[in-house]
Every structure is written in C-alpha cells, then in structure tokens.
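Q:
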Ligand code: UDP
Ligand code: MG
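Residue numbers (my numbering): 25 to 358.
(1) Quick one: what's got a C-beta closer than 8 angstroms to residue 342's C-beta in the same chain, skipping five residues either side?
(2) With a threshold of 7 angstroms (Cβ to nearest heavy atom), would residue 239 be considered close to the ligand MG?
(3) Indicate whether residue 38 and residue 97 have their beta-carbon atoms separated by less than 8 angstroms.
(4) Suppose the cutoff is 6 angstroms on Cβ atoms and the five residues either side in sequence are ignored; what does the same chain contact list for residue 52 look like?
(5) Tell me which residue opens and which closes the alpha helix (DSSP H) that residue 298 is part of.
(6) Is it true that the segment 317 to 337 meets the segment 203 to 211, where meeting means three or more beta-carbon pairs spaced less than 8 angstroms apart?
(7) Considering only heavy atoms of the ligand MG, does any lie closer than 7 angstroms to the CB of residue 50?
(8) Who are the Cβ neighbours of residue 202 in its own chain at under 6 angstroms, not counting the five residues just before and after it?
(9) Mind checking which residues open and close the beta strand (DSSP E) that includes residue 194?
(10) Mind checking whether the beta-carbon of residue 133 lies closer than 7 angstroms to any heavy atom of the ligand MG?
(11) Need the endpoints of the alpha helix (DSSP H) that residue 178 sits in, please.
(12) Residue 216 to residue 199, Cα distance in whole Å?
(13) Starting from residue 33 and walking both ways along the beta strand (DSSP E), at which residues does that stretch end?
(14) With respect to 7 angstroms, is the separation between the Cβ of residue 129 and the closest non-hydrogen atom of the ligand MG below this value?
(15) Around the C-beta of residue 32, are 16 or more other C-beta atoms found within 10 angstroms, so that it is buried, or is it exposed?
(16) Going straight from the alpha carbon of residue 262 to that of residue 306, what length do you get?
(17) When every heavy atom of the ligand UDP is checked, does at least one fall within less than 7 angstroms of the C-beta of residue 113?
(18) Which same chain residues end up closer than 7 angstroms to residue 130 when comparing Cβ atoms and leaving out the 5 residues on each side of it in sequence?
(19) Buried or exposed for residue 304, please, with buried defined as at least 16 other CB atoms from any protein chain shown within 10 angstroms of its CB.
(20) Please classify residue 192 as buried or exposed, where buried requires at least 16 neighbouring CB atoms within 10 angstroms.
(21) Which value, in whole angstroms, describes the spacing of the CA atoms of residue 253 and residue 260?
(22) I need the straight-line Cα distance from residue 218 to residue 224, nearest angstrom please.
(23) Nearest CA to the CA of residue 105: which residue from 144, 74 and 125?
(24) Could you round the C-beta distance between residue 65 and residue 30 to whole angstroms and report it? I think they count as a contact, below 8 angstroms.
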C-alpha cells in the first residue's frame, strides 16, 4: 500500500451534549489505532457539525478542538437545518481536503469498529462503502418495525435505497465531488449516493443502543423523512394515479354492460343505468387525466432537479477525464 490517505469523519450533532465527549474519546482512540497501523494519515480529522443545537454542544466541540486540534475540527451551522443537511454541510466542507470521508451519527449507535473494514474495502478499490445493520436487537419492536417497513415501502415506491443502511457510510473524494453536482434542496442522501454509482459494497455491523440522550427522530419526523424520500426520488405515486384511472375506465365498461343487462332484463329503476354509467366513466376519465398531468409534473420535477445526466468514471485518453466531466454537469452546460 502507498501513503496512507486522509480520512475525515463527519458527525452531525443536534443537542448531543450528553454523548459528545464519549464519542470524541472513542473516536480518538480509533484514530490512534488506525494511524499506528498506517491505515490513515496523521492529517485525518473528526469533524463535528453543530446543527443549531440549543444546548452546550458547540461549546463542547470548541473545547475538543482547542484541546486536540490534531484530532477534532468543528463546523457550526447558523441554524438547525436537519440531519441530512448537516451531513451534507460537513461533507461539502471537507471534500477538497480529504481523500476519504465517513459520515456517522453522534450517538455511537453505529459500531465504530466497522471503520477498519470500511477502510479495507476502500483500499480494495471501492469508492462507496455502506454500513448496514445486520441486526436490530437493541431497537424496540416499534422502532424495528417502523424502520424496516420504511425500507420496504421505499423500495415498493420506486426509490432505490440500500436495505437497513442509514447514513453511516464511507465515500471517496471522487464520490464527494460528484455529489456536489447534485443541486437538489430536498435532500435524501441514502437515495442520492446509489444514484452516483461507482464501485461500492457493504459492511455489516450490529447497531447499539443510543449511548445517552434521546432520539431526534420520533415517528412524526420519520414519516416526514419517508415521504420526502419517496417524493424526492420517485414519480411512482403519479404513475399509480394513471394506472388507477385506466383501471377505473375499464371497470366503467363492465358497469356499462351490467347497466344494460339490468335495463333490458327489466330490474333497473328508471335513470339508474345512465347514472351508474356516468359515475364510473367520469370518475375513471378524471383520474386518468389527472394521471396524465401527473406524468408531466413528474417530468418537470426531474428537470428542475438538474441532476447530472451521467457521471464519467474513467476516460482512457491522454487528455484525461477532466474536460469530459464538465459535460455531465447540467449547470456548466448552459
Ligand atoms: N441530527 C442533526 N440534526 C437534526 C436531528 C438530528 O444533526 O435536526 C443528528 C443527531 O445529532 C444524530 C443524528 O442526526 O447524530 C441521528 O439522529 P438520532 O440518533 O436522534 O436518530 P435515530 O438514530 O434515533 O434515528
Ligand atoms: Mg441515533
């Protein structure tokens, strides 16, 4: 192996005063052991992103940085922007100074011993390594059920996510640079990273209980997160409307036939046949038309996101990859 590379760990923190010192000391130990084994460069850092905390979080981060600037850095966001934005803020701030990034929650629920394997996979040539929970023994039944339903529902709704993978992941500098070209405001990193592509793999770990403090993801926030994930990644709900409209129109033909039989067999009240036929037909047509409008809305939605249309991983030519990468970026293309 050549020179060890620079790792930046990005840790979003929102009201995490109870856990920060413990998280910092465990990460410091981890970094020391990784540096000893020349897996990471001594220039590596842990970056805590304070996401507008109302408690002492930022003061603790400042103290950690002043005591051990060789391990800890801090980013202070001007206001609470939410978990996904805090992670992105950290990643985008470090993308030019690191070779490798790992994002992880502050509460030590993700096993930091998985970092070794993540790095191993990175040095084997993977650009993205997903941390995947192998078991949820410590989660309550309710958390386990809602979380697992979340992944299944996302998949059914057409958003491609890695099952049981949250935001514990390694990304190379190259991937971060491509991520920077995704300009969308409704962030759902779990859906965006698989879209980028490149060689990736997963490492498995057991999820622990929150070390201290409370979850900042109550059911209400989790539902909002799921809805954001689906509506940011899939137009399937719109397609479902078209399909339903089509089905209703077919059913209206059945209603027609039934109404005619009833009329001519003589067991229909006067006016019933025409009423039942129009209800079904108009209902079906309306849904169908809504679905067509939905298809256009879906296209507009894809356009306004201005996602890169393609990402070139390699270009075998003495000119190198630089100039062709620009072509993938919509914004530079105008
Ligand atoms: N978090 C954040 N901003 C928020 C909410 C949460 O930066 O508005 C951070 C939080 O400090 C933690 C991570 O996101 O590091 C995940 O939150 P939490 O552990 O509460 O979620 P859970 O693991 O219960 O799903
Ligand atoms: Mg947590």
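Idealized CB from N, CA, C, for every residue including glycine.
A: With the given structure in hand:
(1) The residue given as residue 342 occupies position 318 in the chain shown. Excluding positions up to five away in sequence, the list is empty.
(2) Position 215 of the chain shown, counted from the start, is the residue given in the question as residue 239. Yes; taking the cut-off as 7 angstroms, the Cβ of residue 239 has a heavy atom of the ligand MG nearer than that.
(3) The sequence position of residue 38 within the chain shown is 14, counting from 1. The sequence position of residue 97 within the chain shown is 73, counting from 1. Result no, Cβ atoms of residue 38 and residue 97 do not sit closer than 8 angstroms.
(4) For the purposes of this step, residue 52 is taken as residue 28 along the chain shown, with counting starting at 1. Excluding positions up to five away in sequence, the list reads 95.
(5) Within the chain shown, residue 298 is the residue found at index 274, counting from 1. Element bounds for residue 298: 296 to 329.
(6) yes
(7) Against the chain shown, residue 50 aligns to sequence position 26. No, Cβ of residue 50 sits at least 7 angstroms from all heavy atoms of the ligand MG.
(8) Taking the first residue of the chain shown as 1, we reach residue 202 at position 178. If we look at residue 202 and ignore the five residues flanking it on each side, its Cβ neighbours are 220 and 335.
(9) What you label residue 194 is simply residue 170 of the chain shown in a count that begins at 1. Its beta strand (DSSP E) spans residues 189 to 196.
(10) By one-based count along the chain shown, residue 133 stands at place 109. At least one heavy atom of the ligand MG is nearer than 7 angstroms to the Cβ of residue 133, so yes.
(11) Numbered from 1 along the chain shown, position 154 holds the residue referred to as residue 178. First-last of the alpha helix (DSSP H) with residue 178: 165 to 180.
(12) What you label residue 216 is simply residue 192 of the chain shown in a count that begins at 1. What you label residue 199 is simply residue 175 of the chain shown in a count that begins at 1. Answer to the nearest angstrom: the Cα atoms are 11 angstroms apart.
(13) Position 9 of the chain shown, counted from the first residue, corresponds to residue 33. 31 to 37 is the extent of the beta strand (DSSP E) around residue 33.
(14) Residue mapping note: residue 129 aligns to position 105 of the chain shown, counting from 1. Answer for residue 129: yes, Cβ within range of the ligand MG.
(15) In the chain shown, residue 32 corresponds to position 8, counting from 1. Per the 10 Å Cβ criterion, buried.
(16) For the purposes of this step, residue 262 is taken as the residue at position 238 of the chain shown. For the purposes of this step, residue 306 is taken as the residue at position 282 of the chain shown. Straight-line spacing of the CA atoms in residue 262 and residue 306 works out to 19 angstroms.
(17) As a position in the chain shown, residue 113 is number 89, starting the count at 1. Flag unset: Cβ of residue 113 not near the ligand UDP.
(18) One-based indexing of the chain shown puts residue 130 at position 106. For residue 130, where only same-chain residues beyond five positions count, the Cβ hits under 7 angstroms are 35, 36, 37, 40, 43, 44 and 47.
(19) Along the chain shown, one-based indexing puts residue 304 at 280. Classification for residue 304: buried.
(20) Locating residue 192 in the chain shown gives position 168, counting from the first residue. Here residue 192 is buried: its Cβ has 16 or more other Cβ atoms, across all protein chains shown, within 10 Å.
(21) In the chain shown, the residue the question calls residue 253 occupies position 229. In the chain shown, the residue the question calls residue 260 occupies position 236. Cα to Cα, the separation comes out at about 12 angstroms.
(22) Translated into positions along the chain shown, residue 218 becomes position 194. Translated into positions along the chain shown, residue 224 becomes position 200. Whole-angstrom Cα-Cα distance: 9 angstroms.
(23) Here the question's residue 105 lines up with position 81 in the chain shown. Of the candidates 144, 74 and 125, the one whose C-alpha sits nearest the C-alpha of residue 105 is 74.
(24) Counting from one through the chain shown, the residue named residue 65 turns up at place 41. Counting from one through the chain shown, the residue named residue 30 turns up at place 6. Contact holds; Cβ gap of about 5 angstroms.
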